[in-house]
Amino acid sequence: MNAIIDSIGVYLPEKKIDNHYFEQFLETTDEWIVSRTGINTRYYSSETEYTSDLCVKAAQNLADNYQKNLADVDFVIVATSTPEQAFPSMASQVQSRLGIPSAGCMDISAGCAGFAYGLIVAKGLIATGDYQKVLVIGGETLSKISDFTDRTSCVLFGDGAGAVLVESSETQYLHKSISTTNGDLGKDLYLSNQPAPINFEQIDCNGKIHQNGRTVFKWAVSNLPANIIKLAEKNGITTDQIDWMIPHSANIRILEAACSQMNFPIEKCLESVVNYGNTSAASIPIAWYNGIQNGKVQLDDKLMLAGFGSGLTLAGIYLTNRIQKA
Numbered sequence: 001m002n003a004i005i006d007s008i009g010v011y012l013p014e015k016k017i018d019n020h021y022f023e024q025f026l027e028t029t030d031e032w033i034v035s036r037t038g039i040n041t042r043y044y045s046s047e048t049e050y051t052s053d054l055c056v057k058a059a060q061n062l063a064d065n066y067q068k069n070l071a072d073v074d075f076v077i078v079a080t081s082t083p084e085q086a087f088p089s090m091a092s093q094v095q096s097r098l099g100i101p102s103a104g105c106m107d108i109s110a111g112c113a114g115f116a117y118g119l120i121v122a123k124g125l126i127a128t129g130d131y132q133k134v135l136v137i138g139g140e141t142l143s144k145i146s147d148f149t150d151r152t153s154c155v156l157f158g159d160g161a162g163a164v165l166v167e168s169s170e171t172q173y174l175h176k177s178i179s180t181t182n183g184d185l186g187k188d189l190y191l192s193n194q195p196a197p198i199n200f201e202q203i204d205c206n207g208k209i210h211q212n213g214r215t216v217f218k219w220a221v222s223n224l225p226a227n228i229i230k231l232a233e234k235n236g237i238t239t240d241q242i243d244w245m246i247p248h249s250a251n252i253r254i255l256e257a258a259c260s261q262m263n264f265p266i267e268k269c270l271e272s273v274v275n276y277g278n279t280s281a282a283s284i285p286i287a288w289y290n291g292i293q294n295g296k297v298q299l300d301d302k303l304m305l306a307g308f309g310s311g312l313t314l315a316g317i318y319l320t321n322r323i324q325k326a
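Residue numbers for the sequence shown follow the UniProt record's numbering, beginning at 1 and rising by one.
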């Protein structure tokens with residue numbers, strides 16, 4: 001069975017945070033943050049607003065925008081690093097609150113690569129012929145796990161969610177994919193409440209994000225362009241045939257360096273980091289949604305999606321855009 005995506009929805013919390021917010025309690029400035037990350041603003045969830053709330057609202061936005069009936073969805077996938085409970089899964093809570101009866105549910109824990117992994121899994125489920133509609137959501141409330149004493153990391157993150165519906169189709173619009181991981185670098189980006197070591201090394205188990213920014217930056221700049229090129233070759237195209245690249249929006253400097261290495265025009269790289277910060281698994285659908293709504297991404301454009309993050313892991317998929325402006 002073939003697969004198509006022709007609907008998308010997003011949700012951002014109401015609380016908008018600019019860079020001057022951090023000047024109140026950290027030794028930092030708006031200029032310092034922008035120069036190193038490109039970020040101007042991000043959005044924070046309220047004290048009583050959680051990842052499942054954002055995911056439900058993104059799915060409802062999709063349904064409203066594209067007149068989609070979600071009641072007959074066969075499977076729900078939520079990619080997140082910030083579930084409010086280890087179990088039940090966020091996907092099962094989304095399934096319940098959206099009134100989807102008896103759907104299969106699972107969460108994907110692959111950090112910022114989670115949404116791309118979700119699309120790969122959804123395509124595989126459709127291919128079995130046993131599933132016709134798979135709801136894939138990337139949602140995060142990273143403000144709740146940020147260390148606000150660490151000026152190098154807390155300024156990066158924002159909250160948000162994005163959702164797409166992967167459906168069976170006569171024509172294949174989701175093409176070949178790629179995934180790769182270097183688990184040796186797991187300790188360079190982690191979150192834990194348990195004192196168990198990572199690769200035999202002790203960690204700080206305080207429930208906050210810990211990141212070796214220099215190592216992650218180097219890994220991303222090396223691996224993102226190499227794997228985009230590999231994925232293009234796997235699909236029988238060259239990178240100049242890609243209409244839009246939509247990588248995970250971790251840091252604008254990573255995207256600039258990756259595009260430079262590939263000789264790929266930065267103008268054809270869609271990002272969400274400047275106005276929304278690093279929203280991890282939500283960053284790709286937010287950038288995709290905005291690209292459609294502002295008229296950049298057109299019907300039948302060729303898109304290269306690639307997520308990368310904790311693990312350290314990377315996943316990408318090449319697809320033909322079938323989403324029109326709502």
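Cβ atoms here follow ideal geometry from the backbone N, Cα and C, with glycine treated the same way.
Look at the alpha carbon of residue i and the alpha carbon of residue j, and state the distance between them as a whole number of angstroms.
{"i": "Gln324", "j": "Trp244", "result": "15 Å"}
{"i": "Asn321", "j": "Ala79", "result": "21 Å"}
{"i": "Leu119", "j": "Thr171", "result": "17 Å"}
{"i": "Ala23", "j": "Ala287", "result": "Checking the sequence shown, residue 23 turns out to be Glu, not Ala. Approximately 27 Å between the Cα atoms of the pair."}
{"i": "Thr37", "j": "Gln241", "result": "28 Å"}
{"i": "Thr141", "j": "Gln67", "result": "27 Å"}
{"i": "Trp32", "j": "Pro195", "result": "34 Å"}
{"i": "Asn235", "j": "His175", "result": "7 Å"}
{"i": "Ile126", "j": "Ser168", "result": "6 Å"}
{"i": "Val121", "j": "Glu27", "result": "43 Å"}
{"i": "Ala226", "j": "Gln261", "result": "9 Å"}
{"i": "Gly291", "j": "Ala281", "result": "17 Å"}
{"i": "Asp301", "j": "Val164", "result": "17 Å"}
{"i": "Lys296", "j": "His20", "result": "31 Å"}
{"i": "Ala232", "j": "Leu299", "result": "20 Å"}
{"i": "Asn263", "j": "Thr239", "result": "9 Å"}
{"i": "Gly162", "j": "Ala3", "result": "19 Å"}
{"i": "Asn69", "j": "Ser109", "result": "27 Å"}
{"i": "Asp248", "j": "Ala113", "result": "The sequence given here has His at residue 248, not Asp. Each residue's Cα considered, the two are about 7 Å apart."}
{"i": "Ile237", "j": "Tyr173", "result": "15 Å"}
Using a Cβ-Cβ cutoff of less than 7 Å, which residues in the same chain neighbour residue i once the five nearest sequence positions on both sides are dropped?
{"i": "Ala116", "result": "Ile284, Leu305, Ala306, Gly307, Ala315, Gly316 and Ile317"}
{"i": "Glu49", "result": "Pro13"}
{"i": "Ile145", "result": "Thr82, Leu191, Gly207, Lys208 and Ile209"}
{"i": "Asn275", "result": "Asn40 and Thr41"}
{"i": "Thr215", "result": "Leu185 and Asp188"}
{"i": "Ala257", "result": "Val221"}
{"i": "Cys205", "result": "Ser192, Asn193, Gln194 and Pro195"}
{"i": "Gly99", "result": "Ala71"}
{"i": "Ile252", "result": "Thr37, Gly38, Glu271, Val273 and Val274"}
{"i": "Gln132", "result": "Asp74, Glu167 and Ser168"}
Who are the Cβ neighbours of residue i in its own chain at under 8 Å, not counting the five residues just before and after it?
{"i": "Asp53", "result": "Ser45"}
{"i": "Asn65", "result": "Ser7, Ile8, Gly9 and Ala326"}
{"i": "Pro197", "result": "Ile203"}
{"i": "Gly186", "result": "Ile198, Asn199, Ser310, Gly311 and Leu312"}
{"i": "Glu14", "result": "Tyr43 and Ser46"}
{"i": "Leu303", "result": "Ile242, Asp243, Trp244, Met245, Ile246, Trp288, Val297, Tyr318, Leu319, Thr320 and Asn321"}
Can you look up residue i in the DSSP assignment and give me helix, strand or coil?
{"i": "Gly236", "result": "coil"}
{"i": "Pro225", "result": "helix"}
{"i": "Lys133", "result": "strand"}
{"i": "Gln194", "result": "coil"}
{"i": "Val166", "result": "strand"}
{"i": "Tyr21", "result": "helix"}
{"i": "Asp188", "result": "helix"}
{"i": "Ala326", "result": "coil"}
{"i": "Val10", "result": "strand"}
{"i": "Ile203", "result": "coil"}
{"i": "Gly159", "result": "At residue 159 the sequence reads Asp, which differs from the Gly that was named. Asp159: strand per DSSP, three-state reduction."}
{"i": "Ile126", "result": "helix"}
{"i": "Asp148", "result": "The question names Asp, but residue 148 is Phe in the sequence shown. Three-state result, Phe148: coil."}
Whose C-alpha, out of the options, is nearest the C-alpha of residue i?
{"i": "Gly139", "options": "Ser177, Ile77, Cys154 and Leu303", "result": "Ile77"}
{"i": "Ser102", "options": "Val134, Ile108 and Ala113", "result": "Val134"}
{"i": "Ala91", "options": "Ala58, Ser249, Lys68 and Asn69", "result": "Ala58"}
{"i": "His224", "options": "Ala250, Lys144, Asn40 and Asn212", "result": "Sequence check: residue 224 is Leu here, not His. Residue Ala250 is the option with its Cα nearest to Leu224."}
{"i": "Ile178", "options": "Ile229, Gly291 and Asn275", "result": "Ile229"}
{"i": "Ile254", "options": "Val121, Thr238, Val273 and Ile237", "result": "Val273"}
{"i": "Gln60", "options": "Gln95, Phe75, Ala113 and Val34", "result": "Gln95"}
{"i": "Val136", "options": "Ala63, Asn193 and Thr239", "result": "Ala63"}
{"i": "Ser222", "options": "Glu201, Thr180 and Thr152", "result": "Thr180"}
{"i": "Asn294", "options": "Ser280, Asn278, Ala282 and Glu271", "result": "Glu271"}
{"i": "Trp219", "options": "Gly183, Glu84 and Arg97", "result": "Gly183"}
{"i": "Cys105", "options": "Pro88, Gly114, Cys112 and Ala113", "result": "Pro88"}
{"i": "Phe75", "options": "Ser35, Thr128, Asn19 and Thr51", "result": "Thr128"}
{"i": "Arg151", "options": "Lys16, Gly162, Tyr289 and Asp30", "result": "Asp30"}
{"i": "Gly124", "options": "Gly114, Gly160, Arg97 and Met1", "result": "Met1"}
{"i": "Gly111", "options": "Ala3, Gln211, Arg97 and Lys268", "result": "Gln211"}
{"i": "Thr51", "options": "Phe25, Asn69 and Gln85", "result": "Gln85"}
{"i": "Ile17", "options": "Gly160, Cys259, Phe217 and Lys268", "result": "Gly160"}
Near residue i, what residues of its chain come up, given a Cβ to Cβ distance below 6 Å and the 5 sequence neighbours on each side ignored?
{"i": "Phe157", "result": "Leu142, Ser146, Gly277 and Asn278"}
{"i": "Phe148", "result": "Cys154"}
{"i": "Gln93", "result": "Ser52"}
{"i": "Val56", "result": "Val94 and Arg97"}
{"i": "Cys269", "result": "Met245, Leu255 and Cys259"}
3 or more residues per run - each beta strand (DSSP E) lying fully within the stretch 33 to 119: 41 to 44, 75 to 79 and 104 to 108
Those runs of the alpha helix (DSSP H) which lie wholly inside the stretch 241 to 305 and span at least 4 residues: 252 to 262, 273 to 276 and 283 to 293
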